[in-house]
Amino acid sequence: MIEAEQLSKRYGTTLAVDGLSFSVEAGQVTGFLGPNGSGKSTTMRMIVGLDAPTSGTVTVGGRAYGAVRFPLHEVGALLDATAAHPGRRARNHLRWLADSNRIPRSRVDEVLAIVGLTEAAHRRVGELSLGMGQRLGIAAALLGDPAVLILDEPINGLDPEGILWVRHLLRSLAAEGRTVLVSSHLMTEMALTADQLIIIGRGRLLSTGPTADFIEKSAGHHVRVVTPDADALVVLLRDKGAVVTADGPQELSVQGLESRDVGILASGAGLTLYELSTQRASLEDAFMELTREHAEYQGTTHTPEAGHP
Amino acid sequence: MTQLLSPQAAVPVTDDRLSAVFLAACRSEWTKLRTVRSTMWALVLTVIAIIGLGVLLSAIVVGHWDHRSLSEITGFDPLLYSFAGLNVAQLSIGVLGVLVMTSEYATGVITLTLGATPQRRLLLGAKVVTFSAMVAVVSLISCVTVFFVCQALLASKHAGVSITDPGILRAVLGGAVKMVLIGVIAVGVGAIVRHTAGAVAVLFAILLIIPGLVQLLPQPWNNDITLYLPSSAGAAMSAVVHFPNLLGPTAGFLVLLAYAAATLGVALVLLVRRDA
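Here the protein sequences come in this chain order: A and B. The numbering of the first sequence is this note's numbering, which starts it at 1044 and goes up by one. The numbering of the second sequence is this note's numbering, which starts it at 134 and goes up by one.
Next up, the structure:
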């Protein structure tokens, strides 16, 4: 279990993390989301004691990380999968980590097998592909058989099979009762993997709670209608208080009414419907909705302006 | 698809005293040192520099012996040529010492190292102890070897000395200890600067450039300051004859030890204070 209380980090004049409080429970996968530069990595670095908080505290299993001796037995972290000496062989990279925490060497071969790198164990880290490097980073996190896992962008560079593998791995780690905190910018993957979400923007907590609730609450859903009688239907729908937007000459997007109500309304007026369906919002939609005003580096659509100096 | 995890908590650690943490960190650092190629190459270079240069210069001196004037021979330090290679070897050991810290920052490994051993003072201690032990063994073997080979060459001109002669054993050991202390300074500089190129530049400036610049100062400042520079203090440790521009061997040792302690002290404070 990870607990942050009023956690803040200032770099010069930038407040990277701003009064962040959250808790990550055991037995679940907790997704850590936020736009680039929102303070996810800084927060994770503070959890494992690499960066000292400017104020506030964060504990793992009730203790500050820096106070733990042989911490790999309790916490496994993947913060940067490229963090390995390119000239060192993959197995040796895990061996020095194992030695530092009195983990038996036999465990090194065990985790190499778990991540599917047994064949590549003798290769130098610099010769590994991006995906293999990522697997080596995950192997390092699993080395001490820890009850808490902290993974920053673990599926970066993985192929579809690898992504599926990580999803199953994270879910089974949580099912074993472990605490799993995972950050990713791939929303669809998060929607499939995470039970709980912690969403931050500009270093502040924006939302926390179950993934399903978040999607429902933030973006809701709408009804998609395709009809040749669009104009007539729009009038009827608006009378019932629905918000209607036209997606095309025959396509409508309806909010505020269920598809059942739309169907009854249309048949009552003798209007033809080609298609009627409920569109669930994706986590991506919900996330975009929530972070729109918080994004630090928002892409701007450049429009030529008159009167430039 | 690979299989999943083994049951939880397979390997509980029973002994978690700080001494156990320190020993594990030393073992880990040793594994790190011997699993990268740069270590082996730097050590090979060090051995070649110490033994090769010493033997080469001694052989040249012996070859030209009959042409040397008497006055030259009177002030002759029997170890001067034997240990000429130490000046080159301190650079290869210095670079290796710098890399002990800076390669971790360059590759990002420092995040894993501090994640595995968050006790930062203890970690730097383990790095210094492990690296020093390795340098001590390699330097001692090299110094003893070059001593015996060179003195065998000089013995043909009846100019050799025995390890049991006064001050000789101390000078041979002094040569090895000097290498260790230079190595410690290098690790400290690496921890302070954190970038390989910058740290190597600082180290070379200390060992090579500053001594030259100090010589440009007016008399008697140039000679007075030179006495206390790390390079001169180190050279004094393996001198047998007393040179006017060097401290005595014990004073030289203490001065170099003070430099090493000061560098390490700053490194410890910064490592604890700064974010990784």
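C-beta atoms are modelled at their ideal positions from N, C-alpha and C, and glycine is treated no differently.
What number of angstroms, rounded off, separates the C-alpha of Trp-163(B) from the C-alpha of Val-402(B)? Looking at the two C-alpha atoms, the distance is approximately 24 Å.
When you compare the CB positions of Gly-1180(A) and Gly-1130(A), do they come within less than 8 Å of one another, or not? A distance of 8 Å or more separates the beta carbons of Gly-1180(A) and Gly-1130(A).
Ordered along the chain, which non-local residues of its own chain (more than five positions away) have a Cβ less than 6 Å from that of Gly-1015(A)? The requested residue 1015(A) is not part of the displayed model; chain A covers only 1044 to 1352.
Which same chain residues, not among the five before or five after Val-320(B), have their C-beta less than 7 Å away from its C-beta? Residues of the same chain with a CB within less than 7 Å of the CB of Val-320(B), apart from the 5 flanking positions on each side, are Gly-230, Val-233, Met-234, Lys-260, Val-261, Phe-264 in chain order.
For the beta strand (DSSP E) holding Ser-1051(A), just list the boundary residues, first then last. Counted as a single uninterrupted DSSP element, the beta strand (DSSP E) harbouring Ser-1051(A) occupies residues 1045-1054.
Kindly indicate the opening and closing residues of the beta strand (DSSP E) around Gly-1119(A). For Gly-1119(A), the enclosing beta strand (DSSP E) has its first and last residue at 1118-1121.
Would Lys-411(B) count as contacting chain A if we go by Cβ distances under 8 Å? Residue 411(B) is absent from the model: chain B starts at 134 and stops at 409.
Are at least three pairs of beta-carbons, each pair with one atom in the stretch 1112-1126 of chain A and one in the stretch 245-253 of chain B, less than 8 Å apart? Touching, per the Cβ criterion.
Within its chain, find whatever has a CB closer than 6 Å to the CB of Arg-1053(A); leave out the 5 residues flanking it on each side and keep chain order. These residues qualify, in order along the chain: Thr-1097.
Opening and closing residue of the alpha helix (DSSP H) in which Val-310(B) lies: For Val-310(B), the enclosing alpha helix (DSSP H) has its first and last residue at 301-326.
So, are the CB atoms of Leu-273(B) and Ala-158(B) less than 8 Å apart? No; because the gap between Cβ atoms is not below 8 Å, this pair is not in contact.
Under the three-state reduction of DSSP, which class applies to Asp-1061(A): helix, strand or coil? Asp-1061(A): strand per DSSP, three-state reduction.
Ends of the beta strand (DSSP E) at His-1265(A)? Residues 1264-1269.
Taking a Cβ distance cut-off of 7 Å, strictly less, list which residues of the stretch 240-252 of chain B are near chain A, in chain order. For the stretch 240-252 of chain B, the beta-carbon criterion of a distance under 7 Å to any beta-carbon of chain A is satisfied by Thr-240, Gly-241, Val-242, Thr-244, Leu-245, Leu-247, Gly-248, Ala-249, Thr-250, Pro-251.
Which term fits Glu-1196(A), buried or exposed, when burial requires 16 or more other beta carbons within 10 angstroms of its beta carbon? Burial call: buried.
Going by DSSP, what residues sit across from Leu-1235(A) in a beta bridge? Beta-bridge pairing by DSSP links Leu-1235(A) to no other residue.
Residue-chain proximity (Leu-1050(A), chain B), Cβ-Cβ < 8 Å: Chain B, which has no Cβ nearer than 8 Å to the Cβ of Leu-1050(A), makes this no.
Taking Asp-149(B) as the query, report the chain A residues whose CB atoms sit under 8 Å from its CB, ordered along the chain. The answer, in chain order, is Arg-1112, Phe-1113.
For a test of the three-state rule: what should DSSP assign to Pro-211(B), helix, strand or coil? In the structure shown, Pro-211(B) sits in coil (DSSP, three-state: anything other than H, G, I, E or B).
Give the interface partners of Ala-1126(A) over in chain B, defined as CB-CB distance under 7 Å, in chain order. Close partners of Ala-1126(A) in chain B (Cβ separation under 7 Å): Thr-240, Gly-241, Val-242, Thr-244, Leu-245.
Interface flag, Arg-327(B) vs chain A, CB-CB below 8 Å: No, Arg-327(B) lies away from the interface with chain A (no Cβ there is under 8 Å from its Cβ).
Let me know the alpha helix (DSSP H) ranges lying completely inside the stretch 1158-1242 of chain A, each 4 residues or longer, listed in chain order. Contiguous alpha helix (DSSP H) elements confined to the stretch 1158-1242 of chain A occur at 1173-1185, 1203-1218, 1230-1236, taking only those with 4 or more residues.
Contact test: Leu-1248(A) Cβ vs the ligand ADP heavy atom, cutoff 7 Å: The model on display carries no ligand, and the ligand ADP is accordingly not part of it.
How about Asn-1135(A): is its C-beta nearer than 8 Å to some C-beta of chain B? The C-beta of Asn-1135(A) comes closer than 8 Å to at least one C-beta of chain B.
Buried or exposed by the 16-neighbour rule on C-beta atoms within 10 Å, applied to Ile-1157(A): Ile-1157(A) counts as buried, since at least 16 other C-beta atoms from the protein chains shown sit within 10 angstroms of its C-beta.
Of all the residues that make up the stretch 1154-1179 of chain A, which are near chain B by a beta-carbon distance shorter than 8 Å? The residues in question are Ala-1156, Ile-1157, Val-1158, Gly-1159.
Alpha-carbon spacing of Val-144(B) relative to Asp-1188(A), whole angstroms: Summary for Val-144(B): the model assigns pLDDT 49, below 50, so the residue's position carries little reliability; its value from the coordinates is reported in the next sentence. Approximately 8 Å between the Cα atoms of the pair.
Cα-Cα, which of Met-1089(A), Ala-1329(A), Thr-1100(A), Ile-1045(A) is closest to Ser-1250(A)? The shortest Cα separation from Ser-1250(A) among Met-1089(A), Ala-1329(A), Thr-1100(A), Ile-1045(A) belongs to Ala-1329(A).
Starting from Glu-162(B), follow the beta strand (DSSP E) in both directions and report where the run begins and ends. Element bounds for Glu-162(B): not the beta strand (DSSP E) but the alpha helix (DSSP H), 151-167.
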